[in-house]
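In the UniProt record's numbering, the protein residues as written are 1 to 135.
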């Protein structure tokens with residue numbers, strides 16, 4: 001089963017929740033923030049549901065497939081990481097196995113990105129300090 005076919009049913013199931021647990025909302029919000037939706041839009045479940053479409057203009061699956069973390073601002077990545085840190089994967093799994101499978105997507109992207117961007121920031125700081133010392 002490829003990414004699209006497995007995830008499509010999970011997204012449909014999550015979208016059908018009338019009042020999902022907070023952990024489910026947080027995962028969906030994290031995904032949507034990475035897909036360039038603003039936090040105001042993703043702050044309420046009723047606003048998130050239409051964005052979880054897999055067939056219309058904002059096709060969540062297609063955006064996830066073509067996603068490039070390099071195009072996401074560090075502030076957004078940091079916020080997504082904060083959201084994901086608000087819960088444990090075990091807590092999420094007990095709330096919704098579908099949301100648990102969706103959780104891996106933003107987690108993988110922000111984990112790798114934070115590590116790389118932190119390294120780049122430290123390198124830039126060290127280069128600046130070295131340049132200042134040489135003057």
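All residues carry an ideal CB built from backbone N, CA and C; glycine is no exception.
- Contact annotation: residue 29 and residue 83 have beta-carbon atoms nearer than 9 Å.
- If you look at residue 69, you'll find it isn't in any alpha helix (DSSP H); DSSP assigns it neither H nor E.
- Taking the CA atoms as reference points, residue 80 sits about 14 Å from residue 24.
- Judged by their CB atoms, residue 88 and residue 21 are not nearer to each other than the 9 Å cut-off.
- Taking C-alpha positions only, residue 68 is separated from residue 109 by approximately 9 Å.
- In the three-state reduction of the DSSP assignment, residue 40 falls in the coil class, being assigned neither a helical nor a strand state.
- Counting other Cβ atoms within 10 Å of its Cβ, residue 44 stays below 16 and is therefore classed as exposed.
- Counting C-beta atoms within 10 angstroms of its own C-beta, residue 34 has 16 or more neighbours from the protein chains shown and is therefore classed as buried.
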